[in-house]
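Take 1 as the starting number for the sequence shown in my numbering and just add one per residue. Before any comments, here is the structure.
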Amino acid sequence: MASAELDNSPSTFDPSEQSAVALGVLSAGAVLGALADLLLRSSPLGANTPLWTAALVAAIVWLAHRQRRSLTSIQVVLLAVALFFAAGFAWRASRVLNLLDAAAVAVALSLAAGHISTTRKALRRASLMEYARTGASAGASTAIGTISLIAEDIRWRQLPRATWGTRSRSVAVGVLIAAPLLLGFNALFMSADMVYEETVKGLFRVDFEAPFRHLLFILVGTWCAAGFLRALAPLPAVLPWLKVGPRGVTIGLGAIEVGIPLVLLDMLFACFIGFQLPYLFGGHGLVQDPGGPTYAEYARRGFFELVVVAALTLPLLLAADWLLRDRTWKERALFRLLAAIMVVLLLILLMSAFHRMILYLHSYGLTELRFYTTAFMIWLALLTLWFAMTALTGRRDRFAFGALVAGFVAIALLHVVNPDACIARTDLARAQIGNGPDMEYLTSLSADAIPTLVPVLFASTGDPSGRIRHTAALFLARREQLTQPDWRTWNWGRTKAKEALDRAWDNLPDASRTSLSC
């Protein structure tokens, strides 16, 4: 079946067909709500997240098939991207990576539900404003779409009550007949086999002592899932005002109004770089001067402030480019010249910030904040270069898609790099050149860092001061926290950490075990 673009116009179906589609969406949402209670209530998040996301994708595919429509190739790619980043919850244990995974899943699903994602060309050439409108539309549908399903989309009075009423009664009778049979035979099977009994208990380990909390979780899950699925269905838009023209709102600003701020900012950037050139790139010589700043003053303050400047500059250039999109060739040529100057100055500032951070890491080691800020800075530098290659060469319609892909690739690479393990390796390497690591901080990292820390901690249990021995004892106590009795919370990073701690304990001499147990 050929792929077709989603049509959210009210005339897509007659009332009975529209009701049938809405009922299908509501039913799928109810199933997903029940699965959310079964899977996502367990914490911490792990394998349950990709499993529930897979169920959501399956519901999307089922609804498209039921409505005799095919998902477009780009929607299939976006759903695969969502599944990939949802699997990140079962891959890494880092809280920051999990937040990035959640953001990537939300973006991919929003674009899959949006009107610009129905064709490959539309997604590649969409502007940042269109991406924002698509995300807002998907978010609005998730938040209030269920209201439209119940109040407007389903024409309750026009439903063939005899048919669906009879079917509902038949289904209810069948469930009532099957329930005692299933429970009875399952109880016999559980009594007959201990392994089967433990497996069943593990699969259905649910807190039945809190029925109201389960009901609330199911209702919230159903509300959000049905609202999101509604955005993919050919039903009237939840917020029609979000569907504005591709040109957006016209603001009467020309080359002079936009050019003057750019000229002044270029001058400010150039003056800052020229006036403080020794400070920006002074490095060790500057901080070793008795009258100069300390490493903390030099690197910390300079780095974060320069990153903030860079983070604000790129959106400013994008806004200026958007304001001048309909102007004459001469006006746009002037803007590109001024923007090119600012891009060069911005890259110099980013190089200075990166230089400061390298100096800071040599003296103070690596932390999560420093790692992710540096990663953000590298991604920002790549976006700046991409802006120069697209917006400044007359191909501004390709910038947003490239930024989206760069964001997805960056998050995926962070999973491969394993930030917490990288932080641990860096700080432990500094210890070999005489800089003692902050063991209290390192042992507070997620389970992803544990396989890297275990050899050092348990090779130093004879530390005369007792500091590392005490740290190792506290670290070893985390074995109980890493135990994953519930399959829904399984995580590869936590599993590897538990295995590393178990091996370390098994390899310890009896005397060391006694010392660590005290």
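Note that beta-carbon positions come from the ideal geometry of N, C-alpha and C, so glycine has one too.
Which of the three DSSP states, helix, strand or coil, is assigned to residue i?
i: Gln67; result: coil
i: Asn491; result: coil
i: Ile154; result: coil
i: Ser127; result: coil
i: Leu306; result: helix
i: Ala449; result: helix
i: Leu508; result: coil
i: Asp438; result: coil
i: Gly184; result: helix
i: Glu499; result: helix
i: Ala225; result: helix
i: Asp266; result: helix
i: Arg332; result: helix
i: Gly365; result: coil
i: Asp486; result: coil
i: Thr443; result: coil
i: Ala233; result: coil
i: Arg133; result: helix
i: Ser42; result: coil
i: Gly394; result: coil
i: Asp321; result: helix
i: Arg327; result: coil
i: Ala477; result: coil
i: Pro464; result: Because the pLDDT of Pro464 is 48, which lies under 50, any placement of that residue in the model is unreliable, and the number read from its coordinates should be weighed accordingly. Pro464 falls in the coil class under three-state DSSP.
i: Gly245; result: Legend: pLDDT at Gly245 = 44, less than 50; position of this residue unreliable, value from coordinates given subsequently. Coil at Gly245, not helix or strand.
Which residue from the options puts its Cα closest to that of residue i?
i: Ala504; options: Leu476, Arg398, Leu482; result: Leu476
i: Tyr265; options: Ala310, Ala113, Arg213, Thr443; result: The sequence shown places Leu at residue 265, rather than the Tyr named in the question. Checking every option, the nearest Cα to that of Leu265 belongs to Ala310.
i: Arg95; options: Ala136, Ala400, Pro44, Ile150; result: Pro44
i: Val61; options: Ala34, Ala112, Val107; result: Ala112
i: Thr142; options: Trp490, Arg430, Val105, Ala231; result: Ala231
i: Cys457; options: Leu428, Ser110, Ser446, Thr483; result: Here the sequence assigns Leu to residue 457, which means Cys is not the residue at that position. Minimum Cα distance to Leu457 is reached at Leu428.
i: Ala20; options: Phe84, Ile150, Leu414; result: Ile150
i: Glu368; options: Asn418, Ala333, Asn48; result: Asn418
i: Val307; options: Leu346, Ala497, Leu317, Asp486; result: Leu346
i: Glu492; options: Phe399, Trp91, Leu71; result: Checking the sequence shown, residue 492 turns out to be Trp, not Glu. When only C-alpha atoms are compared, the closest one is Trp91.
i: Ala59; options: Ala136, Glu197, Gly259, Leu229; result: Leu229
i: Leu79; options: Arg66, Leu324, Ala103, Ser110; result: Ser110
i: Val409; options: Phe376, Thr471, Thr483, Phe354; result: Phe376
i: Thr49; options: Phe89, Ala108, Ala140, Ser137; result: Phe89
i: Lys496; options: Leu324, Asp506, Leu482; result: Leu482
i: Ile423; options: Gly402, Phe401, Leu453; result: Leu453
Alpha carbon to alpha carbon, what distance is there between residue j and residue i?
i: Pro327; j: Ala255; result: In the sequence under discussion, the amino acid at residue 327 is Arg, which differs from the Pro named in the question. Rounded to whole angstroms, Arg327 to Ala255 spans 8 Å at the Cα level.
i: Pro315; j: Ser27; result: 42 Å
i: Trp520; j: Ala86; result: Given that the chain is displayed from residue 1 to residue 518, the structure contains no residue 520 and the question cannot be resolved.
i: Ser397; j: Gly227; result: For the sequence presented, residue 397 should be read as Asp rather than Ser. Roughly 30 Å separates the two Cα atoms.
i: Leu474; j: Ala132; result: 47 Å
i: Leu40; j: Pro451; result: 27 Å
i: Val343; j: Leu385; result: 8 Å
i: Met357; j: Thr374; result: 8 Å
i: Leu414; j: Arg155; result: 48 Å
i: Ile378; j: Val81; result: 22 Å
i: Arg125; j: Leu404; result: 12 Å
i: Ile411; j: Ala449; result: 18 Å
i: Leu501; j: Leu32; result: 37 Å
i: Tyr441; j: Ala122; result: 47 Å
i: Leu23; j: Thr390; result: 45 Å
i: Arg336; j: Pro261; result: 14 Å
i: Phe272; j: Leu338; result: 17 Å
i: Tyr360; j: Ser352; result: 12 Å
i: Arg494; j: Ser446; result: 8 Å
i: Arg395; j: Leu97; result: 32 Å
i: Leu71; j: Leu392; result: 35 Å
i: Ile348; j: Leu100; result: 28 Å
i: Asp321; j: Gly145; result: 35 Å
i: Ala340; j: His355; result: 23 Å
i: Ser137; j: Leu268; result: 39 Å
i: Trp487; j: Ala140; result: 33 Å
i: Phe217; j: Val416; result: 33 Å
i: Gly114; j: Ala106; result: 12 Å
i: Gly402; j: Ala104; result: 15 Å
Mind checking if residue i is an interface residue toward chain D, Cβ cutoff 8 Å exclusive?
i: Ile260; result: Among the chains of the structure shown, chain D does not appear; only one protein chain is present.
Does the ligand MG have even one heavy atom less than 7 Å from the beta-carbon of residue i?
i: Thr199; result: The ligand MG is absent from the structure shown, which contains no ligands of any kind.
Review point. Which runs of the alpha helix (DSSP H) fall wholly inside the segment 405-431 and span at least 4 residues, in chain order?
Key: Whole alpha helix (DSSP H) segments, 4+ residues: 419-431.
Exercise for review: Please go through the segment 45-115 and give each complete alpha helix (DSSP H) segment of 4 or more residues, from N-terminal end onward.
Suggested key: Correct list: 48-66, 73-87, 95-113.
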